[in-house]
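S.K.: Protein chains in written order, with the numbering used here: chain X, 59 to 271; chain C, 59 to 271. Using N, Cα and C, we set each Cβ at its ideal position, and we do this for glycine too. Got a structure for you, questions after.
Protein chains: 2
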Amino acid sequence: MIGGAVSDKIRVLIADDHEMVLDVFAMYLSSAPDMAIATAKTLDEAVDHIGAEGPYDVVLLDLNMPGMNGVAGLRRAIKLNGGKPVAIITGNPTPRMLDEIMNAGSSGIVLKTTGVRSLANAIRFMHAGEHYMPLELVRERHNAGRTTKNGRLSDKEMMVLSYLAEGKQNKEIANDLKLAEPTIKMHVTSICKKLTATNRTQAVIVARDLGLI
Amino acid sequence: MIGGAVSDKIRVLIADDHEMVLDVFAMYLSSAPDMAIATAKTLDEAVDHIGAEGPYDVVLLDLNMPGMNGVAGLRRAIKLNGGKPVAIITGNPTPRMLDEIMNAGSSGIVLKTTGVRSLANAIRFMHAGEHYMPLELVRERHNAGRTTKNGRLSDKEMMVLSYLAEGKQNKEIANDLKLAEPTIKMHVTSICKKLTATNRTQAVIVARDLGLI
DNA sequence: TGCATGCCCATCCGAAAGTATGGGTCGGCC
DNA sequence: GGCCGACCCATACTTTCGGATGGGCATGCA
Chain X
59 MIGGAVSDKI
69 RVLIADDHEM
79 VLDVFAMYLS
89 SAPDMAIATA
99 KTLDEAVDHI
109 GAEGPYDVVL
119 LDLNMPGMNG
129 VAGLRRAIKL
139 NGGKPVAIIT
149 GNPTPRMLDE
159 IMNAGSSGIV
169 LKTTGVRSLA
179 NAIRFMHAGE
189 HYMPLELVRE
199 RHNAGRTTKN
209 GRLSDKEMMV
219 LSYLAEGKQN
229 KEIANDLKLA
239 EPTIKMHVTS
249 ICKKLTATNR
259 TQAVIVARDL
269 GLI
Chain C
59 MIGGAVSDKI
69 RVLIADDHEM
79 VLDVFAMYLS
89 SAPDMAIATA
99 KTLDEAVDHI
109 GAEGPYDVVL
119 LDLNMPGMNG
129 VAGLRRAIKL
139 NGGKPVAIIT
149 GNPTPRMLDE
159 IMNAGSSGIV
169 LKTTGVRSLA
179 NAIRFMHAGE
189 HYMPLELVRE
199 RHNAGRTTKN
209 GRLSDKEMMV
219 LSYLAEGKQN
229 KEIANDLKLA
239 EPTIKMHVTS
249 ICKKLTATNR
259 TQAVIVARDL
269 GLI
């Protein structure tokens, strides 16, 4: 902490629909004397807080909260908070989600798996203008999951899989990727084998359950 | 509480990969003088605990924890805990998950959205041999979600949708439901319309995102 | 050098999916 | 009674999928 009046607390807003998580935040962080905590249970509540109290020094949003709609809610909050840091707090983010979160302009990601102790440090870090991301995420960013018992998915296969996960059909995928349709079919076949799925729909289901997408 | 020596504490085991959640449990429940809390971060850890310490009076398991594999891990824990109550703790369970959890023989479901205060009561309740389930779940059990902007899904449609979500094909579904294949096709078409999906794969995706399944 | 692997493409085929049309029963509701 | 909606079925058609076969090209490794 660099000097400053006692009243210069970091104003933190935390929003999560898991009231238990909110409880622990309030409990633990109220013992950190340099922060003032506000909480919300939906994105709309959080937005109201920001509207009424002005931008917070740090905003933490749960990704699966009502009103979030994936990164759409994140973007909304970032716009509202006037340039001050907005971060995501979540459990097991998929690689895809990580990309979207960081591309949306988030100041960082806090994992619920990391314990409360590191949270105060993460908040101060982001308040200082840094981007916070746990090491294990950075390391596994590219190679997360993708290894299955039947071999690992190649880059192209991951690419095709992400289109499958949107319900696209082979012709569309071929157009988007500038490839021929048979090539896409081949990739889909390969993906299904590696995921032990019998068709594209099952492949998407398995991939989701595995956190591949 | 029915009499008993002071040393007759309820032995509780809580397993969740969100260390934050574990923290709050330890913090809050240690102030409940009639309980002794143990924690774990994976199903295997929890199993080890049970193996070493014998069955716990109440076991709480996170559904999305490493090693759980849906209800499979729940069944494993129930078998191990020798008839004493095993419950699930989770965020936003889908109707489908609720069915599976209760059919697997769980003693109840605790929502992370309900705050810590009710947790101690839930534990004592289940320790007394009762089945615990939050009211909002009981009420919305049958009618959860299913209403979309294009109308609500009928019972038959929900049934077919659940098969779609397993990647089954029309012929299989027809056999299982003792219906003709064209009928299934009709239902699938109807489902896709109501979910604004262009094919079965997309239907499964939006249904999942909506928590319909 | 040979060989495996990943990537790309073409053609062909049968099966499945999706769409359309038409017709039937049942129950609830005005 | 007439109407509507949910459910059931059949036939027929087009598109898409999944699988198989066969070929070419580049990379890297033994």
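1) Considering only residues of the same chain and omitting the five flanking positions on each side of residue 253 of chain C, which have a CB-CB separation below 7 Å?
2) With a 10 Å radius around its C-beta and 16 neighbouring C-beta atoms as the bar for buried, classify residue 119 of chain X as buried or exposed.
3) Out of X/170, X/129 and X/213, point me to the one whose CA is closest to residue 76 of chain X's CA.
4) Would a check of beta-carbon distances place residue 222 of chain C closer than 9 Å to chain X?
5) Assuming residue 144 of chain X and residue 132 of chain X are in contact, meaning their beta carbons sit under 8 Å apart, how far apart are those beta carbons, in whole angstroms?
6) When the Cα of residue 226 of chain C is compared with those of X/126, X/255 and X/127, which residue comes out closest?
7) Buried or exposed for residue 68 of chain C, please, with buried defined as at least 16 other CB atoms from any protein chain shown within 10 angstroms of its CB.
8) Among C/142, C/109, C/248 and C/185, whose alpha-carbon lies nearest the alpha-carbon of residue 213 of chain C?
9) Tell me whether residue 86 of chain X sits in a helix, a strand or coil according to DSSP, three-state version.
10) Taking only the alpha-carbon atoms, compute the straight-line gap between residue 121 of chain X and residue 238 of chain C and give it to the nearest angstrom.
11) Can you name the residues of chain X whose CB is closer than 8 Å to the CB of residue 158 of chain C?
12) Just to confirm before moving on: does the CB-CB distance between residue 270 of chain X and residue 153 of chain X stay below 9 Å?
13) In the segment 64-87 of chain C, which residues sit with their C-beta less than 7 Å from some C-beta in chain X, listed in chain order?
14) What would DSSP say about residue 211 of chain X, mapped onto helix, strand or coil?
15) So within the segment 88-159 of chain C, which uninterrupted alpha helix (DSSP H) runs reach at least 4 residues, ignoring any that extend past its ends?
16) Of all the residues that make up the segment 162-193 of chain X, which are near chain C by a beta-carbon distance shorter than 7 Å?
17) Nearest-angstrom Cα distance between residue 174 of chain C and residue 81 of chain C?
18) Residue 193 of chain X by DSSP, collapsed to three states: which one?
19) Evaluate contact between the segment 126-141 of chain X and the segment 159-167 of chain X, counting only Cβ atoms and requiring at least three cross-stretch pairs below 8 Å.
20) Closer than 7 Å by beta-carbon distance: list the chain X residues that pair up with residue 133 of chain C, in chain order.
21) In this structure, how does DSSP classify residue 246 of chain X when only helix, strand and coil are distinguished?
22) Taking C-beta pairs closer than 7 Å, name the residues in chain X that residue 104 of chain C reaches, listed in chain order.
23) Which of the three DSSP states is assigned to residue 19 of chain X in this structure?
24) Starting from residue 168 of chain C, follow the beta strand (DSSP E) in both directions and report where the run begins and ends.
25) Taking its Cβ as the centre, do 16 or more other Cβ atoms sit within 10 Å of residue 21 of chain C, making it buried, or is it exposed?
26) Buried or exposed for residue 234 of chain X, please, with buried defined as at least 16 other CB atoms from any protein chain shown within 10 angstroms of its CB.
27) Output needed in chain order: residues of the segment 257-268 of chain C with a Cβ under 9 Å from some Cβ in chain X.
28) Count the other CB atoms, across all protein chains shown, that sit within 10 Å of the CB of residue 140 of chain C; report buried if there are 16 or more and exposed otherwise.
29) Reducing DSSP to helix, strand and coil, say where residue 264 of chain X ends up.
30) With 9 Å set as the bound, which would you pick, yes or no: does the beta-carbon of residue 145 of chain X sit closer than that to a beta-carbon of chain C?
31) Comparing alpha-carbon positions, which option in X/221, X/182 and X/138 lies nearest residue 90 of chain X?
32) DSSP state of residue 181 of chain X, grouped into three classes?
33) Measuring only between beta-carbons, confirm whether residue 96 of chain C sits less than 9 Å from chain X.
34) Would you mind working out which of X/93, X/166 and X/79 sits nearest residue 317 of chain X, comparing C-alpha positions?
35) Assuming residue 100 of chain C contacts residue 123 of chain C (C-beta within less than 8 Å), just tell me the rounded distance between them.
M.R.: Looking at the atomic coordinates:
1) 206, 261, 264 and 265
2) buried
3) X/170
4) yes
5) 7 Å
6) X/255
7) buried
8) C/248
9) helix
10) 42 Å
11) Correct list: empty, because the minimum Cβ distance to chain X is about 14 Å.
12) yes
13) 75, 76, 77, 78, 79, 81, 82 and 85
14) coil
15) 101-111 and 129-138
16) 170, 171, 172, 173 and 174
17) 12 Å
18) helix
19) yes
20) Simply none; closest approach about 17 Å.
21) helix
22) In chain order: nothing, as chain X lies at least about 16 Å away.
23) Any property of residue 19 of chain X remains undetermined from this structure, which presents chain X solely from 59 to 271.
24) 167-169
25) With chain C represented from 59 up to 271, any question about residue 21 of chain C goes unanswered, as that position is not in the structure.
26) exposed
27) 257, 258, 259, 260, 261, 262, 263, 264, 266 and 267
28) exposed
29) helix
30) no
31) X/182
32) helix
33) no
34) Chain X is shown from 59 up to 271; residue 317 of chain X falls before or after that span and cannot be answered.
35) 6 Å
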